[in-house]
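Asks: First, the structure itself, so that you have it in front of you.
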């Protein structure tokens, strides 16, 4: 079993809709979780991190964490064409490295 | 604009050759981590350097090696290149290895032919 798994894409949503991305992880002891956005040919940039069960909102982005079920999700509300990118879920494997999922590519249709 | 710079941006090498990739860390950051990202995959951890010493290593063979210099810049060296080494190589600097503090460089695209 992979350490971090993301729902397979690509995900296509119309402009203004909600994009929902899911990620599951295998290490029940994981304490913090990261969502990165990566535009094609660019480096990942951190958009959210969460460490408590429940929801965390930042602008149009909401991260949801359920430690009992070992999943973390990312909602993008009012999706814009500029949100078209690959979204990577990352979980610390120890104190010094992140384990990334394969990513979900989101396309927002104008 | 990212404070982490990587060079070169693109590189083409022949199988069996050796390559050196470079990374300058963001000001105030003393830790550099290197990741390999194959096409369509997430980044995979190669190793991390903290204060010029290797601080952790992923599942990569010894032909992947690195260095960190007193100014906290870093190099990734790959010997005996294989076709599967073709990937985007990313470095990320942070302060003391804090994972939420990662700043990624723009990467080096390596193609092995």
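Chains as they are written, first to last, in the numbering used here: chain A, 1 to 110; chain B, 111 to 223. Glycine included, every Cβ here is placed at the ideal spot set by N, Cα and C.
1. Given residue 197/B, which residues of its chain have a CB within under 7 Å of its CB, disregarding the five upstream and five downstream residues?
2. Would residue 3/A pass as a contact of residue 81/A if the rule is Cβ separation under 8 Å?
3. Using the C-alpha atoms, what's the distance from residue 167/B back to residue 161/B?
4. Confirm, please, whether the CB-CB distance from residue 79/A to residue 108/A is below 8 Å.
5. So what does DSSP say about residue 65/A, is it helix, strand or coil?
6. Compile a chain-ordered list of the residues in the segment 169–185 of chain B whose CB is closer than 7 Å to at least one CB of chain A.
7. Go through its chain and collect everything with a Cβ distance to residue 124/B's Cβ below 8 Å, but skip five positions before and after it.
8. Of all the residues that make up the segment 135–148 of chain B, which are near chain A by a beta-carbon distance shorter than 9 Å?
9. Report buried or exposed for residue 37/A, applying the criterion of at least 16 other Cβ atoms within 10 angstroms of its Cβ.
10. Would you verify that the beta carbon of residue 199/B is, or is not, closer than 8 Å to some beta carbon of chain A?
11. Quick check on DSSP: helix, strand or coil for residue 117/B?
12. Leaving out the 5 sequence neighbours to the left and right, which residues in its chain are closer than 6 Å to residue 158/B when beta-carbon positions are compared?
13. Under a three-way DSSP split, which group does residue 177/B fall into?
14. According to DSSP, simplified to helix, strand and coil, what is residue 209/B?
Replies: Straight from the coordinates:
1. For this step, residue 197/B is matched to residue 87 along the second chain. 146, 147, 148, 220, listed in sequence order.
2. Here residue 3/A is taken as the residue at index 3 of the first chain, counted from 1. Here residue 81/A is taken as the residue at index 81 of the first chain, counted from 1. Cβ atoms of residue 3/A and residue 81/A: not closer than 8 Å.
3. Stepping through the second chain from its first residue, residue 161/B is reached at position 51. Stepping through the second chain from its first residue, residue 167/B is reached at position 57. Going by the C-alpha atoms only, they are around 15 Å apart.
4. On the first chain, residue 108/A is found 108 positions in, with the first residue counted as 1. On the first chain, residue 79/A is found 79 positions in, with the first residue counted as 1. In this structure, residue 79/A lies closer than 8 Å to residue 108/A by Cβ.
5. In the first chain, counting from the first residue as 1, residue 65/A sits at position 65. Strand at residue 65/A.
6. none
7. If you number the second chain from 1, residue 124/B lands on position 14. Only 191, 222, 223 meet the Cβ criterion.
8. 141, 143, 145, 147
9. What you label residue 37/A is simply residue 37 of the first chain in a count that begins at 1. Classification for residue 37/A: buried.
10. As a first step, residue 199/B must be located in the second chain, where it is residue number 89. Answer no: the Cβ-Cβ gap between residue 199/B and chain A never drops below 8 Å.
11. Residue 117/B sits at position 7 when you count from the first residue of the second chain. It is a strand residue.
12. Taking the first residue of the second chain as 1, we reach residue 158/B at position 48. Correct list, in chain order: 143, 165, 166.
13. Counting from 1 along the second chain, the entry for residue 177/B is found at position 67. Three-state DSSP puts residue 177/B in a strand.
14. On the second chain, residue 209/B is found 99 positions in, with the first residue counted as 1. Here residue 209/B sits in helix by DSSP.
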